[in-house]
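Okay, so here's the structure we're looking at.
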């Protein structure tokens, strides 16, 4: 449902300022540190990492390049599903490329937030494209944008005098 | 870390507009639907509810009043901890009153977002206080504010022309 935010000002000016400000902020300025594990790591070890780092999603790499994402929800589903968490590598349960929504440092934070809402995920990796050979390219993970990033930014914007 | 958002405008006017707009929005205007289970429900049934409703936290009541909160993180911790999820009631693992951060309909969304960030939780219940007797009162749950609520609002504000 569309939040009712339209009636605080009669004109459009104030909200144009808001949207303009939000649109000028780049992903590179607010991204946070991504937590990454290798595709061969066990699910159990990855869950331990999730708790130690207190994040809601983990990014997965192979040879240093993005291959997957696993959310707390994915972990919970598999934890009650009877898999052997110690013996099963995280690669088995991750959402795999190319089904991963990504953002890039030069995109606006509004674009990143829209991706998070539209695709119903908690966080997306910030990537840079690296050409490997024969015109093929891979993604290197250089950050992340999550609902926490957005909420923190919202608070910063709101506190600003 | 404080995001670097300070240099887009030389004056303070634009950011004052942003913070003013954000501060005028009330919790009652943007709150979403809370998912609630009774304290006697099993952990397993509560996890099923979590997946069916696709939420990150569940609120727990006894006699219709707020007694606890359980997050996806709490569920995951207990799912790998060897508890019998079918036989253990959710009351055993929930964060219990009075250790629950709440918000009220008349608070601003900025206040609610600050509580979420400061207490490092994914969502907080929107409550109204009900006097029961002898001056004692309980909370009835009438909504929730989550990082998703804030991210969605951020997108609405940013898209506004």
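Chains as they are written, first to last, in our numbering: chain V, 26 to 186; chain A, 26 to 186. Cβ coordinates follow ideal geometry from the N, Cα and C atoms, glycine included. Predicted model, so just to flag it, every value in this text is computed and none were measured.
Comparing alpha carbon positions, the residue from V:156, V:116, V:140 and V:45 closest to residue 70 of chain V is V:116.
Bridge partners of residue 91 of chain V according to DSSP: V:86. One alpha carbon belongs to residue 66 of chain A, the other to residue 53 of chain V, and they sit about 44 Å apart. Along the region 166 to 185 of chain A, the positions whose C-beta sits under 7 Å from a C-beta of chain V are 172, 173, 175, 176, 177, 178, 179, 180, 181, 182, 183, 184 and 185, read in chain order. The beta carbon of residue 70 of chain V does not come within 9 Å of any beta carbon belonging to chain A, so the residue lies off that interface.
Look at residue 159 of chain A: its C-beta is not under 9 Å from any C-beta on chain V. Assignment of residue 113 of chain A by DSSP, reduced to helix, strand and coil, places it in the coil class. Listed in chain order, the positions of the region 96 to 112 of chain A with a beta carbon within less than 8 Å of a beta carbon of chain V are 97, 98, 100, 101, 102, 104, 105 and 110. Between residue 84 of chain A and chain V, the shortest Cβ-Cβ separation is not below 9 Å. Per DSSP, residue 175 of chain V lies in no beta strand (DSSP E) segment; the continuous alpha helix (DSSP H) that holds it begins and ends at 172 to 184. Within the region 133 to 177 of chain A, the complete beta strand (DSSP E) runs of at least 3 residues fall at 148 to 156 and 162 to 171. For residue 152 of chain A, the closest alpha carbon among the candidates A:160, A:180 and A:122 is that of A:122.
For residue 48 of chain V, the neighbours in chain A by C-beta distance under 8 Å run, in chain order, 183. For residue 115 of chain A, no chain V residue has a C-beta closer than 8 Å to its own C-beta; the minimum C-beta separation is roughly 14 Å. At least 9 Å separates the CB of residue 60 of chain A from every CB of chain V. From the beta-carbon of residue 139 of chain V, the residues of chain A found nearer than 7 Å are 180.
Boundaries of the beta strand (DSSP E) around residue 63 of chain V: 61 to 63. Proximity of the region 83 to 103 of chain V to the region 173 to 180 of chain V falls short of the contact definition, fewer than three beta-carbon pairs being nearer than 8 Å. Counted as a single uninterrupted DSSP element, the alpha helix (DSSP H) harbouring residue 71 of chain V occupies residues 68 to 78. Two segments are said to touch when three or more pairs of C-beta atoms, one from each, lie closer than 8 Å; by this definition the region 67 to 87 of chain V touches the region 96 to 110 of chain V.
Between residue 166 of chain A and residue 74 of chain A, the beta carbon gap of about 15 Å keeps them out of contact (Cβ cut-off 8 Å).
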